[in-house]
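Reviewing the structure listed below.
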Amino acid sequence: MKNKHLFAQLERLSDEETLGEKLDEEIGRSRAVGSIARNIIDNARLALDAQKALGNTVRELPAMMGIEYKDDQ
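Going by the numbering used here, the first residue of the sequence shown is number 1, and it counts up by one from there.
This is how it looks when you write it as C-alpha cells:
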C-alpha cells in the first residue's frame, strides 16, 4: 500500500463537512485501511527478519517492500 492512500484517507477523515453517518463510514474505512496497512508492514518486517536470520545481506530487500537497492560499486 502506498502512503498516498493513507494520506488520502486522512484527508477524507479530516473533512469538517463530513458528519453523522458519512463520518461513521469514514471512521470504519479508516480502521480497515489502518488494519490492512499494519498487516502489510508486519509481513514485510517478517520477510526482512527472516533474511537477517538466514544471514542474507539487507541489500536483498523483500520485493514486497517495493525498494530496489542500487549498488554503485
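All C-beta atoms in this analysis are idealised placements derived from N, C-alpha and C, irrespective of residue type, glycine included.
Straight-line Cα distance separating residue j from residue i
i, j, result
"R45", "R38", "10 Å"
"E25", "L10", "13 Å"
"L19", "R29", "14 Å"
"D49", "E17", "43 Å"
"I36", "A8", "15 Å"
"A53", "D15", "45 Å"
"L23", "G55", "48 Å"
"I40", "A47", "11 Å"
"N43", "Q51", "13 Å"
First and last residue of the uninterrupted alpha helix (DSSP H) at residue i
i, result
"E26", "G20 to A53"
"E16", "Segment: none, E16 is in no alpha helix (DSSP H) and carries neither H nor E."
From the options, residue whose alpha carbon lies closest to that of residue i
i, options, result
"L13", "I27, A53 and I36", "I27"
"K4", "E21, N43, D42 and V33", "V33"
Cutoff 8 Å: residue i Cβ touching any chain B Cβ
i, result
"Q51", "No chain B appears in this structure, which consists of one protein chain only."
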